[in-house]
Amino acid sequence: MVSPRRKKWTEAEEKTLIGKYGEMVSDGTLAKMKTREKKYKPIALHVNSMHHVRDPIAYPWQWTWKDVSTKVQNMRHQYLLVKQKIKKPESSIMENPGTDGGRECGNEDEFDWVEGLTHWSNFLRYKEVLGDVPAAYSGNGGSGNDLVGVLNEERENGMGLLRDSRGFDYEGEEAEENYNSNARGREEGDDGFVYEEVEPDVSHKRKKRKALRGLEKRVFGFLSNQLGQLREMEARFEQRELERERERQRWNKLEREQEWEQKLEQREKESLDRKKARKMLRKQKVGEWESMMKESEERERRRREEQLIQEKDWEEKINRRRSEWKKQIGGMLSQHQAEMGQIQTVLFMSSKTLLASCLG
């Protein structure tokens, strides 16, 4: 049994989704919605009305709000993967290594944004509408604000559990608390980390620096773990894409084979229909020819019968005329013979009388 095709978003549907998402963010509609269903259902309806309703052949899938929610998260990870690919080599971004301001300015030159379009056509569109997503890796000199921002953003987008470099799972605020606390107390500082306020003597400063270095190691380990996870996700994503491509090719091959079989069956059916039509036509013509031959033979038979009848009538008529002619000739001969006998008698009597008178 052939498994059903997996649902896949087109670039046009992605663009429509991002545009509608940005529109709802700009007019404040998205912020008013409390649940994911209320947030993403209007977007799903808008995407379906713009694509599936207008052209169900080119856009066969009708998306639900769950599909849209999943797609937003997938696009976030896709953005991070593309951003990782377009990161320039470190040799070209060694400029401005100092302050945070310098690092933020250099961040614009840290990535080749135009190249991102070759990996994902909606890359810059996503960046404009949903904002830039911090990369999951950073140098040792960076502050912890980026990490906390990533954690908060992951929590707000429903990413669920976060895992630190030691393999423990934390939920949203709990993860933030574990990365911004120490053993003796907490108070929010300017650098985004939390540590106890004590008298600024050398030993405490040394302990503070040691604690910060330990925290930086933990942060770096967490970021390294996240980078490894992103690489694994990228590998799985590419593997899924290859599997989808193979599945798509297999489906296309099956569809072509089915179309070819349907065409062959149609041709065979048409050939059989033509043969049947020719056979019926031949049979009809033979029947017409036989009926014409029978009619011709019948006409010939009637003509011969009529001819025989006419010949018989003609012979009878000739025979009657012949017999009548014979009778007339016989009567004429009899009359002529009688007249000749009378003439001979008269001549004999006249000659006798004349002879008697001469002798007498």
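For the sequence shown, position 150 (counting from the first letter as 1) is numbered 150 according to the working numbering, and the numbering increases by one without interruption.
Just so you know, even glycine gets a beta-carbon here, dropped at the ideal spot from N, CA and C.
Quick caveat: nothing in here was measured; it's all calculated off a predicted structure.
Residue pairing of phenylalanine 111 in beta bridges, as defined by DSSP: Lys87. Cβ atoms of histidine 52 and lysine 20 stay farther apart than 8 Å, at about 14 Å. The C-alpha of methionine 50 is placed about 52 Å away from the C-alpha of arginine 278. The shortest CA-to-CA distance from valine 129 to any of Trp260, Arg76, Gln266 and Lys66 is the one to Arg76.
Going by beta carbons, tryptophan 113 and tryptophan 61 fall outside the 9 Å limit.
Threonine 35 counts as exposed, since fewer than 16 other C-beta atoms from the protein chains shown sit within 10 angstroms of its C-beta. Distance from the CA atom of lysine 207 to the CA atom of leucine 227, rounded to whole angstroms, is 29 Å.
Here valine 68 is not near alanine 31, since their CB atoms are 9 Å or more apart. Excluding its 5 nearest sequence neighbours in each direction, lysine 39 has C-beta neighbours in its own chain below 7 Å: Leu30 and Met33, listed in chain order.
Within the same chain, and ignoring the five residues on either side of lysine 7 in sequence, the residues whose Cβ sits closer than 6 Å to its Cβ are Trp61.
A check of alpha carbon separations from lysine 41 across Pro56, Val72, His336 and Gln266 identifies Val72 as the nearest. DSSP places methionine 24 inside the alpha helix (DSSP H), whose first and last residues are 11-26. Sequence-distant Cβ neighbours of methionine 332 in its own chain, meaning closer than 6 Å and more than five residues away, do not exist here. In its chain, beyond the 5 residues on either side, no residue has a beta carbon closer than 6 Å to the beta carbon of leucine 264.
Residue state for alanine 58 is assigned as coil, using DSSP reduced to three classes.
Straight across, the Cα-Cα distance linking leucine 124 with threonine 118 is about 11 Å.
In this structure, the beta-carbon distance from phenylalanine 237 to leucine 81 falls below 9 Å. DSSP places tryptophan 120 in the coil class of the three-state scheme, outside both helix and strand. A check of alpha carbon separations from glutamate 37 across Glu306, Trp65 and Asp55 identifies Trp65 as the nearest. DSSP, reduced to helix, strand and coil, places tryptophan 63 outside both helices and strands of the structure shown, so it counts as coil. For the pair glutamate 257 and glutamate 247, the Cα-to-Cα distance works out to about 15 Å. Between glutamate 13 and tyrosine 59, the C-beta spacing is below 9 Å.
Judged by DSSP secondary structure, valine 47 falls within the alpha helix (DSSP H) whose first and last residues are 36-47. DSSP places lysine 32 in the uninterrupted alpha helix (DSSP H) bounded by 29-32.
The three-state secondary structure of valine 129, taken from DSSP, is helix. Listed in chain order, the non-local C-beta contacts of asparagine 48 below 8 Å within the same chain comprise Gln62 and Trp63, local neighbours out to five positions each way being set aside. Using a 10 angstroms sphere on the CB of glycine 116, the tally of other CB atoms reaches 16 or more, which defines it as buried. C-alpha of glutamate 295 to C-alpha of arginine 304: approximately 14 Å in a straight line. Setting aside the 5 residues that flank it on each side, leucine 230 is surrounded in the same chain by Leu80, Leu81, Gln84 and Ala136, each with a C-beta closer than 7 Å to its C-beta; the list follows chain order.
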